[in-house]
Amino acid sequence: ARGIQPVSNPVAAIDCGTNAIRLLIAHRDPAGAVREVLREMRTVRLGEGVDRTGEFSAAALERTFAACSEYQALLMQHSVHRIRFIATSASRDVRNRSDFVAGVESIFGTTPEVITGEQEAELSYVGALSGFPENLPGPALVADIGGGSTEFVMRTDRYRAHSLNVGCVRMTERHLHSDPPTREEIDNTIADIHTGLHQVAQSLPVTTVQTFIGLAGSVTTMSAMTMGLDEYDPHRIHGSHMSLAQVEEVTDRLLRLTRAQRAELGFMHPGRVDVIGGGALVLRESMRVLGLSEVLVSEHDLLDGVVASLTP
53 ARGIQPVSNP
63 VAAIDCGTNA
73 IRLLIAHRDP
83 AGAVREVLRE
93 MRTVRLGEGV
103 DRTGEFSAAA
113 LERTFAACSE
123 YQALLMQHSV
133 HRIRFIATSA
143 SRDVRNRSDF
153 VAGVESIFGT
163 TPEVITGEQE
173 AELSYVGALS
183 GFPENLPGPA
193 LVADIGGGST
203 EFVMRTDRYR
213 AHSLNVGCVR
223 MTERHLHSDP
233 PTREEIDNTI
243 ADIHTGLHQV
253 AQSLPVTTVQ
263 TFIGLAGSVT
273 TMSAMTMGLD
283 EYDPHRIHGS
293 HMSLAQVEEV
303 TDRLLRLTRA
313 QRAELGFMHP
323 GRVDVIGGGA
333 LVLRESMRVL
343 GLSEVLVSEH
353 DLLDGVVASL
363 TP
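Heads up, the sequence shown is in our numbering, so the first residue is 53 and it goes up one at a time.
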């Protein structure tokens, strides 16, 4: 965490997803610009086993609540006056959601919003575009590749969104069991992803897309690998581009590596080691099926969209 910065009226956004729980504290400066104060991530794997059992495990809830307690301490240190807690894919799917809600309420004193895939997509779109100039070639398609789901969203005359229950954790748990994964496991993953992507192609005007923006850790990690970074550097990653050929090459490399080899990569977050292959396949197949030749990589995402809703 960065040192405490004296700012007025800071707000906080928390995104609790299938793989990680993330925090962004920000404020609007006197000139009207939103300024980041603190950005944190903890890999808690809240959605571990949800695709199979339909419930959060006691261990996953314990890990998540421990991270929430850490975040609450940071909110107090920074005198945060408003908070919005968003829960996404895993929390939409479980029978024991009330246990999760009660735990969050006891820590933060606020009720988590279990948002729909469409709401998640719109917040991701707003957040992604906040990090780029307003004159990007349009229409733009934003893909937020999460742990349990992937959200695709465009804005033409209105927001158009499509959410798939396809993400890096869900694909890994369903299919990618070997180390490294077998050809059959990879083929089964691709078939699963394609089923959803054909729905995206039918529901969104993807043939008109001029700019394709990719969000979240799978995409940013692949960008770091494409650039040959020794360590993760968000300033170099944000705004970088990957061609389809580069995405295909990096995906193939990641799928050939063992878990131990992936863990040795200096830019690889420990919480992404197990699931990066699934995330890479989601990005690669999205570009192939939807006819996208290049992806613009964004470090701004759903968290930035939530902050925008708190700092109008």
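C-beta atoms are modelled at their ideal positions from N, C-alpha and C, and glycine is treated no differently.
Mind checking residue i: buried by the 16 CB within 10 Å criterion, or exposed?
{"i": "Arg74", "result": "buried"}
{"i": "Met223", "result": "buried"}
{"i": "Glu237", "result": "buried"}
{"i": "Met206", "result": "buried"}
{"i": "Ala139", "result": "buried"}
{"i": "Ala110", "result": "exposed"}
Pull up the CB-CB distance for residue i and residue j, whole angstroms please, since I reckon it's below 8 Å.
{"i": "Val218", "j": "Val334", "result": "6 Å"}
{"i": "Phe2", "j": "Ile66", "result": "Lying before the first or after the last residue shown, residue 2 is absent from the chain, which here runs from 53 to 364."}
{"i": "Val146", "j": "Gly106", "result": "6 Å"}
{"i": "Leu355", "j": "Gly84", "result": "Rounded, the Cβ-Cβ distance is 20 Å, inconsistent with contact."}
Whole angstroms is fine: what's the gap from residue i's alpha carbon to residue j's?
{"i": "Pro232", "j": "Gln313", "result": "10 Å"}
{"i": "Pro185", "j": "Met320", "result": "28 Å"}
{"i": "Ser201", "j": "Arg226", "result": "13 Å"}
{"i": "Gly318", "j": "Val271", "result": "16 Å"}
{"i": "Gly155", "j": "Gln251", "result": "36 Å"}
{"i": "Ile265", "j": "Ser295", "result": "12 Å"}
{"i": "Val308", "j": "Met274", "result": "The question names Val, yet the displayed sequence has Arg at residue 308. Straight-line Cα distance between these residues: approximately 14 Å."}
{"i": "Ala112", "j": "Asn187", "result": "42 Å"}
{"i": "Ser215", "j": "Asn61", "result": "34 Å"}
{"i": "Gln171", "j": "Arg210", "result": "13 Å"}
{"i": "Gly357", "j": "Ser131", "result": "21 Å"}
{"i": "Gly330", "j": "Pro82", "result": "43 Å"}
{"i": "Gly280", "j": "Arg212", "result": "35 Å"}
{"i": "Asn148", "j": "Val102", "result": "11 Å"}
Using only alpha-carbon positions, find the residue among the options that is nearest to residue i.
{"i": "His133", "options": "Pro82, Thr95, Ala64 and Gly101", "result": "Ala64"}
{"i": "Val359", "options": "Pro82, Glu88, Ala72 and Thr70", "result": "Glu88"}
{"i": "Thr263", "options": "Glu100, Gln171, Leu281 and Val349", "result": "Val349"}
{"i": "Thr208", "options": "Ala195, Pro191, Asp196 and Val178", "result": "Pro191"}
{"i": "Ser285", "options": "Ala276, His293 and Gly291", "result": "Looking at the sequence shown, residue 285 is not Ser but Asp. Selected option, being the one with the closest Cα: Ala276."}
{"i": "Ala119", "options": "Val102, Gly99, Thr310 and Ile159", "result": "Ile159"}
{"i": "Val221", "options": "Val261, Arg104, Asp239 and Val347", "result": "Arg104"}
{"i": "Asp353", "options": "Arg94, Ser182 and Val327", "result": "Ser182"}
{"i": "Thr363", "options": "Ala78, Cys68 and Gly69", "result": "Ala78"}
Quick check for students: name the residue ranges of the beta strand (DSSP E) that lie wholly in the segment 97 to 183, counting only runs of 3 or more. Within the segment 97 to 183, the complete beta strand (DSSP E) runs of at least 3 residues are 134 to 139.
What ranges does the alpha helix (DSSP H) occupy inside the segment 297 to 336, keeping only unbroken runs of at least 4 residues that lie completely in it? Segments of the alpha helix (DSSP H) lying fully in the segment 297 to 336: 311 to 315.
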